[in-house]
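Here the sequence shown is numbered in my numbering, starting from 155 and rising by one per residue.
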Amino acid sequence: MGATADEKAAHWAIARLWLPLAHASAIAAAEGAELTAVCDVKEATARQTMERYGARAFYTDYREMLAREPLDAVAIATRTPERKAVIEECVRRGVRALFCEKPLCRTLEDADELVALLRENRVAFVYGTRRRFMPVYGRVQREIAAGRIGAVQSIVVRFGRSPLLWTHPHTVDIASFFAGDAAPESVQADLELDPAAVSAREVDADPLVRSATIRFTNGIVAHLIASESFDVEIAGTKGMVTIESDGAAVVWRTRLADGGPAFDPGHLLQHERVENTDTDSGTVESIRALLAAVRGQGASLYPPELTVRNLEILFAMVESHLGDGRRVRWPIARRGLKITGRFGSLYP
Ligand SMILES: NC(=O)c1ccc[n+]([C@@H]2O[C@H](COP(=O)([O-])OP(=O)(O)OC[C@H]3O[C@@H](n4cnc5c(N)ncnc54)[C@H](O)[C@@H]3O)[C@@H](O)[C@H]2O)c1
């Protein structure tokens with residue numbers, strides 16, 4: 155994700171919406187940003203990335219990089235186990251802006267500590283949940299705010315059959331985005347989780363999410379459903395909108411002008427399908443938001459508290475599943491549980 159994700163994304167059917175995807179290529183593409191230094195524990199990777207993107211220096215120890223380089227912003231794309239220490243060192247060295255991959259960390263205790271640190275030090279922060287920075291999701295949100303589908307009632311997110319920590323930071327974030335970032339009230343979930351991976355202090359797996367329901371305090375309910383599609387559907391009192399195939403097209407369905415009764419199956423027949431022709435990727439938009447913050451232009455960033463909520467929702471799904479589908483309400487009390495996110499030998 156830091157340097158080579160574009161090679162993979164180039165083969166995607168909707169690659170044009172996602173490129174540049176890697177942090178380094180997005181920094182290179184964002185006007186006004188300069189990639190000064192890169193760091194990877196693997197020397198060859200660090201050197202290649204420096205050469206490929208025209209940075210001035212490479213390092214194999216992030217502490218040394220942070221000690222030597224006066225950096226306005228740092229983009230962090232290690233795997234999760236290393237992330238907390240890297241963030242803490244960045245803040246200690248006075249870095250004012252961070253772009254940070256998901257998931258933030260593996261316990262709620264760590265998330266609480268990190269968010270307090272970011273808040274106290276007024277660090278501008280952007281989380282790797284890119285969709286809210288992608289122009290298409292922002293456009294849909296603005297049209298909803300302008301009243302196109304009435305008051306939002308429910309959100310359905312179908313994002314493949316995917317693991318909790320690897321993929322669902324994204325679905326939870328997009329649900330929260332369209333729920334106006336309201337605080338969550340409760341969560342219920344059904345996961346695919348091997349009981350052998352569960353101990354008193356740890357879930358050593360990245361469970362697959364079969365379904366989950368998130369109730370927000372403003373009354374909006376989001377449903378995450380395992381399926382083949384990558385669609386987000388938002389239903390309101392006057393119509394609904396579907397963002398299809400992870401942003402490829404947007405379909406608006408609004409009530410017929412003569413306003414037939416809601417139980418008439420034809421009442422949502424006013425249809426508009428808009429193909430997405432955007433050329434700016436979510437990663438570039440994320441870097442632009444960070445740049446604006448560094449320049450003090452008050453960009454709308456990602457409040458660090460949202461990363462805790464995002465993680466709390468994922469942890470609440472596990473708690474609900476372990477409680478045979480019980481409704482888990484806020485506040486989430488157990489903060490020391492670790493979800494490793496392991497699948498095979500990989501961690502998210
Ligand atoms: N936002 C998204 O859409 C998205 C997509 C894929 C991955 N991710 C996230 O990005 C993160 C990275 O995933 P990936 O697939 O690129 O992993 P990866 O293992 O391919 O890359 C991680 C890199 O970090 C380096 N590294 C490890 N420890 C380090 C340290 N202490 N200092 C410097 N470098 C270090 C590794 O050598 C490796 O090159 C994961 O947390 C993953 O969840 C996000």
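Each residue gets a CB set at the ideal place from its N, CA and C atoms; glycine is no exception.
Closer than 7 angstroms: residue i CB and nearest ligand 1 heavy atom
i: residue 484; result: no
i: residue 196; result: yes
i: residue 256; result: yes
i: residue 155; result: yes
i: residue 320; result: yes
i: residue 236; result: yes
i: residue 232; result: yes
i: residue 364; result: no
i: residue 259; result: no
i: residue 450; result: no
i: residue 244; result: no
i: residue 282; result: yes
i: residue 291; result: no
Best match in the options for proximity to residue i [C-alpha to C-alpha]
i: residue 418; options: 409, 240 and 243; result: 409
i: residue 314; options: 295, 349, 334 and 380; result: 380
i: residue 265; options: 499, 489 and 498; result: 489
i: residue 427; options: 420, 395, 438 and 274; result: 395
i: residue 403; options: 321, 170, 446 and 496; result: 170
i: residue 190; options: 484, 209, 501 and 168; result: 209
Counterpart residues of residue i in DSSP-defined beta bridges
i: residue 317; result: 362
i: residue 308; result: 375 and 389
i: residue 244; result: According to DSSP, residue 244 bridges with nothing at all.
i: residue 429; result: 403
i: residue 213; result: 193
i: residue 482; result: 341
i: residue 281; result: 254
Three-state class that DSSP yields for residue i in the structure shown
i: residue 451; result: coil
i: residue 499; result: coil
i: residue 256; result: coil
i: residue 462; result: helix
i: residue 300; result: coil
i: residue 227; result: strand
i: residue 168; result: coil
Residue i: CB within 7 angstroms of a non-hydrogen atom of ligand 3
i: residue 410; result: Questions concerning ligand 3 fall outside what the structure shown contains, since the ligands it does hold are ligand 1.
Scan the segment 335-412 and note each continuous beta strand (DSSP E) run of 3 residues or more that stays entirely inside, going in chain order. Contiguous beta strand (DSSP E) elements confined to the segment 335-412 occur at 338-346, 362-370, 375-379, 384-390, 393-398 and 403-408, taking only those with 3 or more residues.
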